[in-house]
Amino acid sequence: MELALSQGFNVKIAAIPKSVAKDPDELIRRDPALWRGALQGAKNFLDFYFDAIFANLNLEDSQAKKQAVAELIPLLSLLPDPLDRNHYLQRLALKLRVDEKLVLEVLNRRLAARERKSGTPRPPVVKKTRQELLERRVLSLMLRTGAEFPDEWNILADDDFTFLLLQQVFLEVKPLIQNHNFDLEAFLGSHPKWQPELELLLFGLENELALSPDVSLDELKKQFVSELKLLTTKRKMSELGNRIRAAEQTGQREELRVLTTEFNNLSRELSRFHVG
Numbered sequence: 002m003e004l005a006l007s008q009g010f011n012v013k014i015a016a017i018p019k020s021v022a023k024d025p026d027e028l029i030r031r032d033p034a035l036w037r038g039a040l041q042g043a044k045n046f047l048d049f050y051f052d053a054i055f056a057n058l059n060l061e062d063s064q065a066k067k068q069a070v071a072e073l074i075p076l077l078s079l080l081p082d083p084l085d086r087n088h089y090l091q092r093l094a095l096k097l098r099v100d101e102k103l104v105l106e107v108l109n110r111r112l113a114a115r116e117r118k119s120g121t122p123r124p125p126v127v128k129k130t131r132q133e134l135l136e137r138r139v140l141s142l143m144l145r146t147g148a149e150f151p152d153e154w155n156i157l158a159d160d161d162f163t164f165l166l167l168q169q170v171f172l173e174v175k176p177l178i179q180n181h182n183f184d185l186e187a188f189l190g191s192h193p194k195w196q197p198e199l200e201l202l203l204f205g206l207e208n209e210l211a212l213s214p215d216v217s218l219d220e221l222k223k224q225f226v227s228e229l230k231l232l233t234t235k236r237k238m239s240e241l242g243n244r245i246r247a248a249e250q251t252g253q254r255e256e257l258r259v260l261t262t263e264f265n266n267l268s269r270e271l272s273r274f275h276v277g
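If you count by this note's numbering, then the sequence shown holds residues 2 to 277, one letter each, in order.
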């Protein structure tokens, strides 16, 4: 299993009811349909292991938390993809209700120890771009406050989100908020595939609020939304600039006039999104 994880294989676990069969061979012989169902419901190994560890964990017991970290960190350190490591690290911090930095320190010590032992440098950590960080924060704020302040989110559009998952969530959430029909718990429950990632988004927001007690939720919202809209406007202006140059080179005067007007309108919008 450790070798498979270290090679980046997507290992899955199919749960077999003990009351029905003791192993896959017996289940296949007894009821092939049940075996097919078990395969369809197979979980990623780390997801399965997370669920198994936390099923009976007392989160009020510090020793139990340490034991969970001791069991999971060695497995996370095997993952070759930094994005996968970061995903499960955030999930572990969320489950334990601790600052992500604490878990990251433990993981980094484990990685450093392996690097010293093997002499092989670890892969660099992939940092999120400012664009992605802003999109994640804005969406988490929208999820957190959308039901309470529905009109404040009309300024956002789907092209403010460049990451597919975040854009998909936004497109589903915005009409619910506009129709005063958004309930966060109900939304999470009706989208089980998105739930882990959205819980990480919300955890990141709560962590930021905890680390910045002097900054209000409203201040964060204004700051992040303004900066995201600023980036969107600049991106659109850059794209228009390329199209304007192409129109100039090909002599398309009417298109050039339309594009230039659009560019100037966006230029005037920049002042609306002042970031302090």
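All C-beta atoms, glycine included, are put in the ideal place defined by N, C-alpha and C.
Subject >> Test item: CB-CB of residue 53 and residue 59 under 9 Å >> reply: The residue labelled residue 53 in the question sits at position 52 within the sequence shown. The residue labelled residue 59 in the question sits at position 58 within the sequence shown. No, these two residues do not count as a Cβ contact at 9 Å.
Original post:
Taking the alpha carbon of residue 198 as the point to measure from, which residue in 150, 138, 19 and 209 has its own alpha carbon closest?
Top reply: One-based indexing of the sequence shown puts residue 198 at position 197. The candidate whose alpha carbon is nearest that of residue 198 is 138.
Subject >> Contact under 9 Å by Cβ, residue 267 with residue 234 >> reply: Stepping through the sequence shown from its first residue, residue 267 is reached at position 266. Stepping through the sequence shown from its first residue, residue 234 is reached at position 233. Their beta carbons are under 9 Å apart, which means residue 267 touches residue 234 by this criterion.
Original post:
Do the segment 151-164 and the segment 187-194 touch if we need at least three Cβ pairs shorter than 8 Å?
Top reply: The way I'd put it, the segment 151-164 doesn't touch the segment 187-194; fewer than three beta-carbon pairs between them come closer than 8 Å.
Subject >> Integer Cβ distance of residue 232 from residue 142, believed to fall under 8 Å >> reply: Sequence index remark: in the sequence shown, residue 232 carries index 231 (1-based). Sequence index remark: in the sequence shown, residue 142 carries index 141 (1-based). About 16 Å separates the Cβ atoms of residue 232 and residue 142, ruling out a contact at the 8 Å cut-off.
Subject >> Coarse secondary structure for residue 59, derived from DSSP in three states >> reply: Taking the first residue of the sequence shown as 1, we reach residue 59 at position 58. In the three-state reduction of the DSSP assignment, residue 59 falls in the coil class, being assigned neither a helical nor a strand state.
Original post:
Any idea if residue 86 is buried or exposed, counting beta-carbon neighbours within 10 angstroms, 16 or more meaning buried?
Top reply: Walking along the sequence shown from the start, residue 86 turns up at place 85. With 16 or more Cβ atoms within 10 Å of its Cβ, residue 86 is classed as buried.
Original post:
Are the beta-carbon atoms of residue 69 and residue 44 separated by less than 9 Å?
Top reply: In the sequence shown, counting from the first residue as 1, residue 69 sits at position 68. In the sequence shown, counting from the first residue as 1, residue 44 sits at position 43. Contact flag unset, no.
Original post:
Which residues bound the alpha helix (DSSP H) around residue 41?
Top reply: Position 40 of the sequence shown, counted from the first residue, corresponds to residue 41. 33-41 is the extent of the alpha helix (DSSP H) around residue 41.
Subject >> Closest residue to residue 246 among 229, 147 and 264 (Cα-Cα distance) >> reply: As a working note, residue 246 is residue 245 in the sequence shown. Out of 229, 147 and 264, 264 has the C-alpha closest to the C-alpha of residue 246.
Original post:
Considering only the beta carbon of each residue, do residue 157 and residue 171 sit closer than 9 Å?
Top reply: Working through the sequence shown from its first residue, we reach residue 157 at position 156. Working through the sequence shown from its first residue, we reach residue 171 at position 170. Taking 9 Å as the Cβ cut-off, residue 157 and residue 171 qualify as a contacting pair.
Original post:
From residue 249 to residue 269, what does the alpha carbon distance come to, in whole angstroms?
Top reply: To locate residue 249, count along the sequence shown from 1; it is residue 248. To locate residue 269, count along the sequence shown from 1; it is residue 268. Looking at the two C-alpha atoms, the distance is approximately 22 Å.
Original post:
Ordered along the chain, which non-local residues of its own chain (more than five positions away) have a Cβ less than 6 Å from that of residue 209?
Top reply: Counted from its first residue, the sequence shown places residue 209 at position 208. Its chain contains no residue whose beta carbon lies nearer than 6 Å to that of residue 209 once the 5 sequence neighbours on both sides are disregarded.
Original post:
So residue 259 is in the alpha helix (DSSP H); what residue range does that whole segment cover?
Top reply: For this step, residue 259 is matched to residue 258 along the sequence shown. Residue range 254-270 is occupied by the alpha helix (DSSP H) that includes residue 259.
Original post:
Since residue 14 sits in a beta bridge, which residues does DSSP pair it with?
Top reply: Taking the first residue of the sequence shown as 1, we reach residue 14 at position 13. For residue 14, the beta-bridge partners assigned by DSSP are 44.
Original post:
In this structure, does DSSP put residue 227 in helix, strand or coil?
Top reply: Residue mapping note: residue 227 aligns to position 226 of the sequence shown, counting from 1. Look at residue 227 here: in three-state DSSP terms it is helix.
**OP:** Work out the CA separation of residue 258 and residue 49 for me, nearest whole Å.
**Re:** Residue numbering aside, residue 49 sits at position 48 when the sequence shown is read from its first letter. Residue numbering aside, residue 258 sits at position 257 when the sequence shown is read from its first letter. Inter-residue distance for residue 49 and residue 258 is about 58 Å (C-alpha atoms, whole angstroms).
Original post:
With respect to the alpha helix (DSSP H) encompassing residue 146, which residues constitute its N-terminal and C-terminal limits?
Top reply: Locating residue 146 in the sequence shown gives position 145, where the first residue counts as 1. 131-146 is the extent of the alpha helix (DSSP H) around residue 146.
Original post:
Using the C-alpha atoms, what's the distance from residue 103 back to residue 79?
Top reply: Here residue 79 is taken as the residue at index 78 of the sequence shown, counted from 1. Here residue 103 is taken as the residue at index 102 of the sequence shown, counted from 1. Residue 79 and residue 103: Cα-Cα distance of roughly 19 Å.
**OP:** State buried or exposed for residue 91, treating a residue as buried only when at least 16 other CB atoms are found within 10 Å of its CB.
**Re:** Walking along the sequence shown from the start, residue 91 turns up at place 90. By the 10 Å Cβ count, residue 91 comes out buried.
Original post:
Exposed or buried, which one is residue 147 when buried takes at least 16 other CB atoms within 10 Å?
Top reply: Taking the first residue of the sequence shown as 1, we reach residue 147 at position 146. Residue 147 counts as buried, since no fewer than 16 other beta carbons sit within 10 angstroms of its beta carbon.
Original post:
With DSSP run on the structure shown, which of helix, strand or coil describes residue 178?
Top reply: The residue you call residue 178 lines up with position 177 of the sequence shown. Looking at residue 178 - three-state DSSP - the assignment turns out to be helix.
**OP:** May I have the straight-line CA-CA distance separating residue 34 from residue 73, to the nearest angstrom?
**Re:** On the sequence shown, position 33 is the one that residue 34 refers to. On the sequence shown, position 72 is the one that residue 73 refers to. Answer to the nearest angstrom: the Cα atoms are 33 Å apart.
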